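Engineer:
Protein chains in written order, with UniProt numbering: chain A, 1 to 460; chain B, 1 to 460.
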């Protein structure tokens with residue numbers, strides 16, 4: 001079995017396991033108590049905070065431990081927005097933030113605030129100028145991830161932080177995906193992170209609030225973690241989280257070089273091994289261990305099942321793998337193909353043999369799914385029809401794109417195919433398919449009852 | 001060393017440790033993923049939920065895992081209040097709830113809601129009739145602990161639940177202190193609990209919402225735990241929490257009988273061994289393992305230090321042991337002495353020899369602290385003065401009571417002593433001292449600048 005989904009969560013690092021074991025005996029008591037067991041717990045907590053702060057590059061009293069990365073983001077955003085209530089109620093986020101940030105933004109809007117989503121380019125990156133332009137006089141807070149969780153693209157945090165400083169707006173960085181690789185550059189104001197992303201246990205997040213940043217914790221609070229993270233501290237897990245971060249950092253530079261070699265291999269080889277594939281995300285400014293590609297005419301769930309059967313655990317931003325029918329908001333914001341999406345994120349220690357085996361297995365897995373779905377196998381010569389309408393109503397991703405791909409060869413160059421579809425994913429994948437295949441996307445037209453007519457003109 | 005503070009948190013149960021170890025290997029992955037590691041994690045999570053629900057006495061789909069007992073209460077109260085928004089914005093709580101409930105109530109008031117605190121009697125119990133009388137047409141939610149965390153008094157949950165049903169108001173029960181001993185009786189609607197109270201790891205709470213209870217999670221939410229508890233599930237800890245609960249329940253009946261014998265011993269012996277002590281909390285309807293007493297003329301912090309040096313870890317509801325200068329809201333609501341307060345809560349397995357050793361050590365520890373503070377040692381014959389004023393302004397607990405106790409013998413029976421004090425604790429402890437010593441508390445009078453004159457008439 002090869003686990004290639006480190007971006008979801010890494011198995012417990014051996015150093016974290018040792019630290020956890022040791023502190024189960026020493027760190028179970030209430031660190032707020034005066035007796036021996038409480039004092040021992042407090043010492044462990046203080047030491048873990050120093051180690052964590054050292055890895056983040058902040059002061060220990062700027063860092064509190066939360067119960068998850070999600071909680072760090074929820075509480076960090078709510079506290080920073082409330083602390084800057086007088087400045088206004090405007091929040092800036094990128095369009096490709098983690099759902100924890102976008103859910104916080106949605107909650108802020110429900111409570112009467114306003115939100116601007118800064119768009120990204122086709123690699124998933126925001127432009128520093130576009131980000132700066134979104135800052136307003138009433139902007140209370142800006143949020144930007146250090147690197148994207150689905151496609152690995154690194155964001156220009158230092159430049160955006162500079163623009164935020166100039167505008168007097170605090171910047172909160174979601175560093176969940178990158179903190180294992182190094183501290184976040186730039187003059188940011190708040191930071192959130194999640195320990196199970198770097199081989200710490202689940203149940204531990206970091207929230208960093210730089211001195212001088214206005215911050216007002218929201219909801220009920222207690223006296224724990226400077227009043228910024230309520231509930232009895234899980235000290236054994238906190239100690240393990242800090243130990244794991246220190247351990248992965250010690251190997252980070254060498255491991256980044258090694259894993260970047262492996263993801264470069266995947267980036268280069270997959271388009272040669274599998275037809276109709278789009279590798280997505282920034283080719284250079286990206287996380288070393290993560291690579292994402294989308295396979296046309298494939299549904300993500302079937303492909304993940306095939307890969308799982310072959311011993312590979314990967315994840316997907318395709319709609320077909322989640323309980324909702326909407327495609328990944330990240331791929332949608334990037335305007336890239338979302339169907340048949342595969343995210344490979346290599347845990348530290350992954351060997352080249354594992355990756356070679358994955359590359360051996362992938363083409364057959366994709367071909368098998370395509371065959372079952374009756375996907376087109378080779379481009380035909382131009383047909384003779386001037387136009388053609390395909391009814392794909394009631395069909396789900398990737399069927400509408402498969403039908404389009406099968407119909408287009410039947411029209412002559414310059415002719416049009418209209419695809420009728422009520423699948424929300426088609427709105428992302430049909431334009432993205434056209435971009436990939438160098439065909440012209442003419443546009444959508446509403447037909448009522450949720451049905452949209454997508455018009456495509458054959459160019460080649 | 002004897003750890004007698006199980007009510008704060010218990011060391012990890014051996015069964016929990018085994019379960020944690022095993023599930024570190026099997027339960028670290030994202031249970032929302034389709035691949036093998038995700039499916040294994042999901043199976044562990046489902047099994048833990050069934051075990052937990054079985055112990056609580058609810059359906060598995062009524063129970064979600066939270067990141068702490070505090071979080072279960074925060075989110076349970078907020079969600080239930082929002083779900084019943086149309087009924088009104090009135091919240092009923094007892095005056096002796098855990099601070100997590102009272103902090104939630106305070107947040108609700110800040111947001112424009114109203115709160116009624118139901119008072120308790122001298123044993124710390126609410127009266128079912130008084131509780132029922134607090135329910136109004138606009139009451140959205142009522143909260144009651146199953147048993148008090150500071151004095152062990154069991155609350156009449158079943159009777160209060162019945163009154164709430166009759167009034168159409170959901171009752172949320174904070175079962176943190178009692179769930180180890182058995183399920184909560186009665187027809188309650190919501191329940192919160194905390195695993196580290198029963199030997200599970202920190203970082204796991206339960207929130208139970210009965211089917212049919214209106215519930216609207218507040219703030220940002222994600223898809224985890226039915227949308228009721230955000231963030232990546234800490235499955236190894238959850239599995240350990242459920243295993244620990246099952247393990248302590250298997251021994252609960254026998255262990256309750258045994259520990260009740262030991263706490264009965266403390267209840268009976270302490271007043272004979274130590275002069276000027278009040279044992280507080282209900283003598284019969286109480287948790288089996290918990291006993292609380294207050295020692296006059298002693299500050300809690302010094303006493304805890306003495307006991308810690310002698311090898312005993314206990315906690316205190318005295319103001320002197322916390323960073324604030326207000327006494328425990330529980331002891332205050334009960335109207336009992338708060339100074340020199342000691343809570344003994346025995347973990348399962350505590351032996352009679354440990355308790356005997358504690359009873360050997362306690363009298364000397366109390367006497368030592370009293371001697372340092374110059375506390376009165378024996379009652380004097382009635383003096384001759386008609387009245388006497390003692391200036392204790394600037395003195396902190398337990399000084400004002402010590403000064404009162406030293407002054408009272410100097411007046412004749414029927415005479416009065418006035419104590420001037422700016423210590424908030426005196427407002428609790430002087431009346432409580434009078435009650436304990438069968439003297440008459442005439443009342444307080446404001447003197448300005450935070451100074452209050454407490455008037456006491458000598459009766460005996």
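Where is the CB? At the ideal position from N, CA and C, for every residue including glycine. The structure displayed is predicted, hence computed values, not measured ones.
Mind checking which residues open and close the alpha helix (DSSP H) that includes residue 358 of chain B?
Structural biologist: 352-373
Engineer: Which residues, taken in chain order from the stretch 220-243 of chain A, show a beta carbon closer than 8 Å to some beta carbon of chain B?
Structural biologist: 220, 221, 222, 223, 230, 231, 232, 233, 234, 235, 236, 237
Engineer: So, are the CB atoms of residue 215 of chain A and residue 69 of chain A less than 8 Å apart?
Structural biologist: no
Engineer: Check the Cβ of residue 11 of chain B against every Cβ in chain E and list those closer than 9 Å, keeping chain order.
Structural biologist: Looking for chain E here will not work: the only protein chains present are A and B.
Engineer: What would DSSP say about residue 58 of chain A, mapped onto helix, strand or coil?
Structural biologist: In the three-state reduction of the DSSP assignment, residue 58 of chain A falls in the coil class.
Engineer: Please report the residue range of the alpha helix (DSSP H) in which residue 397 of chain B lies.
Structural biologist: That residue, residue 397 of chain B, is in no alpha helix (DSSP H); it is neither H nor E in DSSP.
Engineer: Label residue 483 of chain A either buried or exposed according to how many other C-beta atoms from any shown protein chain fall within 10 Å of its C-beta, with 16 as the threshold for buried.
Structural biologist: Shown here, chain A extends from 1 to 460; a query on residue 483 of chain A therefore has no answer.
Engineer: On the three-state DSSP scale, how would you describe residue 131 of chain A?
Structural biologist: In this structure, residue 131 of chain A counts as helix in the three-state DSSP scheme.
Engineer: Suppose the cutoff is 6 Å on Cβ atoms and the five residues either side in sequence are ignored; what does the same chain contact list for residue 158 of chain B look like?
Structural biologist: 185, 186
Engineer: Give the residues from the stretch 44-70 of chain A that approach chain B closer than 8 Å (Cβ to any Cβ), ordered along the chain.
Structural biologist: 67, 68, 69, 70
Engineer: Check the Cβ of residue 203 of chain B against every Cβ in chain A and list those closer than 7 Å, keeping chain order.
Structural biologist: 67, 203, 234, 237
Engineer: Report the residue from B:117, B:108, B:48, B:38 whose alpha carbon sits nearest the alpha carbon of residue 11 of chain A.
Structural biologist: It is B:38.
Engineer: With 16 as the cutoff for other CB atoms within 10 Å, does residue 278 of chain A come out buried or exposed?
Structural biologist: buried
Engineer: Expressed to the nearest angstrom, what Euclidean distance is found between the alpha-carbon atoms of residue 448 of chain A and residue 294 of chain A?
Structural biologist: 30 Å
Engineer: Entirely within the stretch 98-130 of chain B and at least 3 residues each: give me those beta strand (DSSP E) ranges in chain order.
Structural biologist: When DSSP assignments are scanned along the stretch 98-130 of chain B, the uninterrupted stretches of beta strand (DSSP E) that are 3 or more residues long and fall wholly within it turn out to be 114-118.
Engineer: Between B:411, B:117, B:124, which lies nearest to residue 141 of chain B when the distance is taken from Cα to Cα?
Structural biologist: If we check each option's Cα against that of residue 141 of chain B, B:117 comes out closest.
Engineer: Taking the alpha carbon of residue 392 of chain B as the point to measure from, which residue in B:454, B:358, B:414 has its own alpha carbon closest?
Structural biologist: B:454
Engineer: By how many angstroms is the C-alpha of residue 415 of chain B removed from the C-alpha of residue 440 of chain B?
Structural biologist: When rounded, the distance between both Cα atoms is 10 Å.
Engineer: Going by alpha carbons, who is nearest to residue 342 of chain A out of A:305, A:193, A:349, A:207?
Structural biologist: A:305
Engineer: Check the DSSP bridge columns for residue 286 of chain A and list the partner residues they point to.
Structural biologist: For residue 286 of chain A, which the question treats as bridged, DSSP gives the partners A:153.
Engineer: Measuring only the C-alpha atoms, how far is residue 110 of chain B from residue 85 of chain B?
Structural biologist: 16 Å
Engineer: In the stretch 286-299 of chain B, which residues sit with their C-beta less than 7 Å from some C-beta in chain A, listed in chain order?
Structural biologist: Residues of the stretch 286-299 of chain B whose Cβ lies closer than 7 Å to any Cβ of chain A: none.
Engineer: Do the stretch 32-51 of chain A and the stretch 16-35 of chain B meet, that is, are 3 or more Cβ pairs less than 8 Å apart?
Structural biologist: Contact between the stretch 32-51 of chain A and the stretch 16-35 of chain B is absent: fewer than three C-beta pairs spanning the two stretches fall below 8 Å.
Engineer: So, for residue 245 of chain A: in the same chain, excluding its five sequence neighbours on each side, which residues have a beta-carbon less than 8 Å away from its beta-carbon?
Structural biologist: 51, 52, 55, 179, 180, 195, 198, 200
Engineer: In the DSSP assignment, find the unbroken alpha helix (DSSP H) run with residue 66 of chain B in it and report its ends.
Structural biologist: Bounds of any alpha helix (DSSP H) do not take in residue 66 of chain B; it lies within the beta strand (DSSP E) bounded by 63-66.
Engineer: Would you verify that the beta carbon of residue 107 of chain B is, or is not, closer than 8 Å to some beta carbon of chain A?
Structural biologist: yes
Engineer: Closest to residue 167 of chain A by C-alpha separation, out of A:133, A:144, A:149, A:177, would be which residue?
Structural biologist: A:133
Engineer: Using DSSP's beta-bridge definition, name the partner residues of residue 193 of chain A.
Structural biologist: Its beta-bridge partners are A:206.
Engineer: Note down, one range per segment and in chain order, each beta strand (DSSP E) of at least 3 residues found wholly within the stretch 216-303 of chain B.
Structural biologist: 277-280, 290-295
Engineer: Which partner residues does residue 145 of chain B have in the DSSP bridge list?
Structural biologist: B:174
Engineer: Let me confirm a value: residue 228 of chain A is counted as buried when at least 16 other C-beta atoms fall within 10 Å, else exposed. Which label applies?
Structural biologist: buried
Engineer: Could you compute how far the alpha carbon of residue 383 of chain A sits from the alpha carbon of residue 366 of chain A?
Structural biologist: 27 Å
Engineer: Check whether chain B comes within 8 Å of residue 424 of chain A, counting only Cβ atoms and requiring the distance to be less than that.
Structural biologist: no
Engineer: Just mark residue 17 of chain B as buried or exposed, buried being the case when its beta carbon has 16 or more other beta carbons within 10 Å.
Structural biologist: buried
Engineer: Verify the CB distance criterion: does residue 329 of chain B have a CB-CB separation below 8 Å to chain A?
Structural biologist: no
Engineer: Can you grab the Cα-Cα spacing for the pair residue 169 of chain A / residue 231 of chain B, in whole Å?
Structural biologist: 27 Å
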